[in-house]
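Read in order, the letters of the sequence shown are residues 3 to 243 in this note's numbering. Let me begin by presenting the structure, written as structure tokens, before commenting on it.
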Amino acid sequence: MRRFLVLLCLLAGILGAAPPQAPTRWVTDGPGLLSPAVRAGLDRRLEAYQRGTGHQVLVWIGETTGGDPLEDWTVKAFAAWKVGRKGLDDGLVLFVLSADHKVRMEVGYGLEGQVPDVVAYRIIQESIIPALKAGDPDRAITAGVDRILKVAGGDAAAAKARRPPGGSFDFASLGLGTKIIIGILALAFLGLLVTHPSMAIYLLLDILTSGRGGGGGGGGGGGGFSGGGGSSGGGGASGSW
């Protein structure tokens with residue numbers, strides 16, 4: 003199931019705009035929404051949290067999805083950045099789009115037990131949106147991170163146990179809309195196979211071999227700090243202000 007979702011995200015990446023460059027720190031603030039002191043403090047805090055628990059929690063602040071649907075865009079970015087550890091998928095990204103006035107919390111499979119959709123929604127609506135509406139992004143993001151870390155905890159073993167087993171995918175249980183999207187992406191892949199066979203084969207081989215080898219937590223700095231995770235399946239919640 004996890005490889006299947008990654009393949010869907012890669013195919014969606016072919017059809018839509020490429021995700022933004024992978025972050026190199028725990029807090030990315032392109033528009034400068036946060037004050038320097040708050041940004042630096044949150045970055046140090048999230049780094050310490052990852053070193054202590056293994057869970058990777060990121061804050062990514064940008065301006066717009068460029069017209070792409072918010073959830074599609076964040077799932078694509080989450081998968082491309084490989085947030086969380088390989089085999090655990092214990093990552094979470096708080097996305098804030100300042101020009102779109104939208105917030106999205108994308109939650110990896112390994113943290114969905116601690117941060118289910120309803121909890122993510124409450125954090126956004128109760129702690130983040132009111133402060134953003136009041137023009138206080140420092141308070142909004144700080145309060146959001148406070149609650150995220152409180153509910154996420156640090157039990158990596160429990161996070162691993164909550165991940166859906168690899169062989170549990172049931173196509174019949176999917177909704178009609180999801181089946182239609184899968185059908186469209188499957189046709190897109192077939193088209194790619196005809197027009198660019200080498201690229202299609204490369205993508206397939208990349209997916210089939212992605213589960214091999216070890217993985218670990220990420221460090222800070224350099225050209226990104228992927229942990230090898232990235233499977234979220236759309237878990238999380240959204241809001242706007």
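The beta carbon of each residue, even a glycine, is placed where N, CA and C say it ideally should be.
Check whether residue i and residue j have beta carbons under 9 Å apart
i: G93; j: V85; result: yes
i: G237; j: Y111; result: yes
i: L48; j: V59; result: yes
i: G56; j: L90; result: yes
i: D140; j: S240; result: no
i: D31; j: I63; result: yes
i: S100; j: L35; result: yes
i: W243; j: L134; result: yes
i: G156; j: G69; result: no
Bridge partners - residue i, DSSP secondary structure assignment
i: W62; result: T30, F97
i: A142; result: Note: A142 sits in no beta bridge, so no partner.
i: I46; result: Inspection of the sequence shows that residue 46 is occupied by Arg rather than by Ile. For R46, which the question treats as bridged, DSSP gives no partner whatsoever.
i: S242; result: K104
i: G230; result: R87
i: V109; result: L94
Nearest candidate by alpha-carbon position, reference residue i, set the options
i: A82; options: A24, D70, F191; result: A24
i: F191; options: K181, W28, I203; result: I203
i: R124; options: V153, L99, S100, V98; result: V153
i: P21; options: D74, G155, Q127, A42; result: D74
i: Q2; options: L113, A142, G137; result: Coverage of the chain is limited to positions 3 through 243, which leaves residue 2 absent and any answer about it impossible.
i: G232; options: L151, L194, I183, T76; result: T76
i: L96; options: G68, T144, G185; result: T144
Expected contact under 8 Å - CB spacing of residue i and residue j to nearest Å
i: G61; j: V147; result: For clarity, residue 61 is Val in the given sequence; the question names Gly instead. Contact holds; Cβ gap of about 7 Å.
i: S234; j: E65; result: In fact, because the Cβ distance is near 22 Å, the residues do not count as touching under 8 Å.
i: Y51; j: L151; result: 6 Å
Alpha helix (DSSP H) segment containing residue i, residue limits
i: A133; result: 131-135
i: I125; result: 119-125
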